[in-house]
Amino acid sequence: MSGEEVGEAVSLLETVESQTQDVTKLVDHLHQKVMEGGYSTSKGISFLELKYQLLLSYLIDLTYITLQKSQGSSIQGDPAVERLVEIRTVLEKMRPIDKKLKYQVDKVVRTAASGGTDSSDPLRYRANPDNLINKLEDVSESESEGEEKKSKLYQPPKLTAMHYEGDETEQDRDQKILERAKKRALSTSMLRELREELNEGPTEIRETTSAQRSRAEKKLRERTEYEEENFMRFSVSKKDKNEMKKVAGFSSLNNLTHFDDISALTEGRTPQAGSSKKRKQSGKA
Amino acid sequence: MSEGAATIRTRKFMTNRLLCRKQMIVDVLHPGKATIPKTEVREKLAKMYKTTPDVIFCFGFRTKFGGGKTSGFGLIYDSLDFAKKFEPKYRLQRHGLLEIKKSGRKQRKERKNRQKKVRGTKKAKVGAAKKK
Numbered sequence: 001m002s003g004e005e006v007g008e009a010v011s012l013l014e015t016v017e018s019q020t021q022d023v024t025k026l027v028d029h030l031h032q033k034v035m036e037g038g039y040s041t042s043k044g045i046s047f048l049e050l051k052y053q054l055l056l057s058y059l060i061d062l063t064y065i066t067l068q069k070s071q072g073s074s075i076q077g078d079p080a081v082e083r084l085v086e087i088r089t090v091l092e093k094m095r096p097i098d099k100k101l102k103y104q105v106d107k108v109v110r111t112a113a114s115g116g117t118d119s120s121d122p123l124r125y126r127a128n129p130d131n132l133i134n135k136l137e138d139v140s141e142s143e144s145e146g147e148e149k150k151s152k153l154y155q156p157p158k159l160t161a162m163h164y165e166g167d168e169t170e171q172d173r174d175q176k177i178l179e180r181a182k183k184r185a186l187s188t189s190m191l192r193e194l195r196e197e198l199n200e201g202p203t204e205i206r207e208t209t210s211a212q213r214s215r216a217e218k219k220l221r222e223r224t225e226y227e228e229e230n231f232m233r234f235s236v237s238k239k240d241k242n243e244m245k246k247v248a249g250f251s252s253l254n255n256l257t258h259f260d261d262i263s264a265l266t267e268g269r270t271p272q273a274g275s276s277k278k279r280k281q282s283g284k285a
Numbered sequence: 001m002s003e004g005a006a007t008i009r010t011r012k013f014m015t016n017r018l019l020c021r022k023q024m025i026v027d028v029l030h031p032g033k034a035t036i037p038k039t040e041v042r043e044k045l046a047k048m049y050k051t052t053p054d055v056i057f058c059f060g061f062r063t064k065f066g067g068g069k070t071s072g073f074g075l076i077y078d079s080l081d082f083a084k085k086f087e088p089k090y091r092l093q094r095h096g097l098l099e100i101k102k103s104g105r106k107q108r109k110e111r112k113n114r115q116k117k118v119r120g121t122k123k124a125k126v127g128a129a130k131k132k
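Chains A and B are the protein sequences, given in the same order. Sequential numbering from 1 applies to the first sequence in UniProt numbering. Sequential numbering from 1 applies to the second sequence in UniProt numbering.
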């Protein structure tokens, strides 16, 4: 060893000696305090205290083990190893609780570091569920007791979503009705024939069955299928009887000379309710 | 009445072993004539299926619009005992195999009103005693 290093080693050993003296003094002081009952453990020790006690004993055991190893003696079966393992498991188990306490601990540390808290600090406040109750109930109840109900108009309960028409003006409504009437007028038989006449493409010829007729036929077909399947006969209601009469009978001849109203396209106004004549349909003519 | 041009055709023929019968849909073609009565249909079916007409039950005849074609249902039982066992009472009555006693409507209503005055099992006794 060189001279420098010897000098360094001597100074270090001196510091070690002084520091051990300080430590023994501190320990004696603490020991006295504990003997006098300065630290009461009647209620058990708190979580944080336990934590640093465990860490302390962990360190002590660790240093002991390293001392043994540096001296060259084996640590096989040493009780210190078992103690280390035990302390380690307890610390691991404490970790999730520590995580839960993290917020509180951090807040306390922050207040301690910043020196006092600001009363208007928003982090101090938590949610107040009492504020969520509708306080207006009390007010409305007292009002209704005094005077009787203003309007006896029946308000139906609002169960399903309805189309909103509040912002629609009179003009908009009229315009919409006109548009719908125009669209309906475009699909009348007159305009359809006009379209066929002026159309340049090839003409299609198909057997015409009106929608009403096809509906009635489909219904009849379903019914007969069911009847034949189950060996029974249905009784026909008056409505169905009239429908079948209309389809199969001579009453449909009246519709030959009845044309739909196309004033929506020709005059640009909606068809009036009173002006269109409704024809009474007779039965079998 | 001569049967003449009436033709009978059967469709959807099925042997129902559970109810010991053969069931089918019967189509009667009778152009220019009225609907054929059920008794004649039974006799024709008996000839077709080589049985006696008393085990044959026909019902539900509906004439198509315009006339000439009628569709109905037909059941042919293996024996009359099975027929008596499985057929509903009103159809047996049509053949004369069963007698359903029917009191008149007025009598039924009066009986009901008499029963209203009594409570419990006495109701059954009340019905028997018809006051004159």
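C-beta: ideal position from N, C-alpha, C; glycine also.
Residue i versus residue j: straight-line alpha-carbon distance, rounded
| i | j | result |
| --- | --- | --- |
| His29/A | Lys51/A | 22 Å |
| Thr266/A | Thr208/A | 28 Å |
| Glu86/A | Lys33/A | 29 Å |
| Thr121/B | Ile100/B | 25 Å |
| Gly72/A | Ile65/A | 11 Å |
| Glu193/A | Thr257/A | 15 Å |
| Lys102/A | Arg88/A | 20 Å |
| Val41/B | Phe234/A | 22 Å |
| Lys176/A | Ile262/A | 16 Å |
| Gly77/A | Thr63/A | 17 Å |
| Glu145/A | Ser114/A | Residue confidence for Glu145/A is low, a pLDDT of 49 falling below 50, so the modelled location carries little weight; the figure read from the coordinates is stated next. The straight-line gap from Cα to Cα measures roughly 56 Å. |
| Arg173/A | Gly166/A | 11 Å |
| Gln21/A | Leu13/A | 13 Å |
| Lys99/A | Val108/A | 15 Å |
| Leu186/A | Arg269/A | 14 Å |
| Arg180/A | Phe231/A | 48 Å |
| Ile205/A | Lys245/A | 28 Å |
| Asp106/A | Lys93/A | 21 Å |
| Glu222/A | Ser151/A | 52 Å |
| Leu26/A | Thr15/A | 17 Å |
| Lys239/A | Gly201/A | 43 Å |
| Lys47/B | His95/B | 19 Å |
| Glu4/A | Leu67/A | 27 Å |
| Ala285/A | Asn255/A | Residue confidence for Ala285/A is low, a pLDDT of 43 falling below 50, so the modelled location carries little weight; the figure read from the coordinates is stated next. Taking the straight line joining both Cα atoms gives about 12 Å. |
| Arg215/A | Thr224/A | 14 Å |
Proximity winner among the options, relative to residue i (alpha-carbon distances)
| i | options | result |
| --- | --- | --- |
| Val81/A | Glu92/A, Gln71/A, Leu59/A | Leu59/A |
| Thr15/B | Gln115/B, Arg94/B, Gly74/B | Gly74/B |
| Arg9/B | Cys20/B, His30/B, Arg21/B | His30/B |
| Lys219/A | Glu243/A, Gly37/A, Asp260/A | Glu243/A |
| Ala211/A | Thr63/A, Lys241/A, Val247/A | Val247/A |
| Leu56/A | Val6/A, Leu84/A, Arg126/A | Leu84/A |
Buried or exposed by the 16-neighbour rule on C-beta atoms within 10 Å, applied to residue i
| i | result |
| --- | --- |
| Glu87/B | buried |
| Val28/B | buried |
| Gly104/B | exposed |
| Val23/A | exposed |
| Ala34/B | exposed |
| Arg21/B | buried |
| Ala124/B | exposed |
| Lys106/B | exposed |
| Lys69/A | exposed |
| Val56/B | Note that residue 56/B is Ile in the sequence shown here, rather than Val. With 16 or more other Cβ atoms within 10 Å, it is buried. |
| Asp130/A | exposed |
| Met24/B | buried |
| Lys183/A | exposed |
| Ala264/A | buried |
| Leu45/B | buried |
| Tyr77/B | buried |
| Asp61/A | buried |
Rounded Cβ spacing between residue i and residue j (contact assumed at less than 8 Å)
| i | j | result |
| --- | --- | --- |
| Leu91/A | Leu48/A | Not a contact, Cβ separation roughly 13 Å. |
| Ile36/B | Ala6/B | 5 Å |
| Val26/B | Gly72/B | 5 Å |
| Phe59/B | Arg91/B | 6 Å |
| residue 135/B | Phe61/B | Given that chain B is displayed from residue 1 to residue 132, the structure contains no residue 135/B and the question cannot be resolved. |
>> Please give the ranges of any beta strand (DSSP E) in the stretch 49-105 of chain B, keeping only runs that are unbroken, at least 3 residues long and fully inside the region.
In response: The stretch 49-105 of chain B contains these whole beta strand (DSSP E) runs: 56-63, 69-77.
>> At 4 residues or longer, what runs of the alpha helix (DSSP H) sit wholly inside the stretch 145-226 of chain A?
In response: Here the runs fully enclosed are 170-186, 189-198.
> In chain order, which alpha helix (DSSP H) runs of at least 4 residues are fully inside the stretch 230-273 of chain A?
Replying inline: Fully enclosed alpha helix (DSSP H) runs of 4 or longer: 238-248, 263-266.
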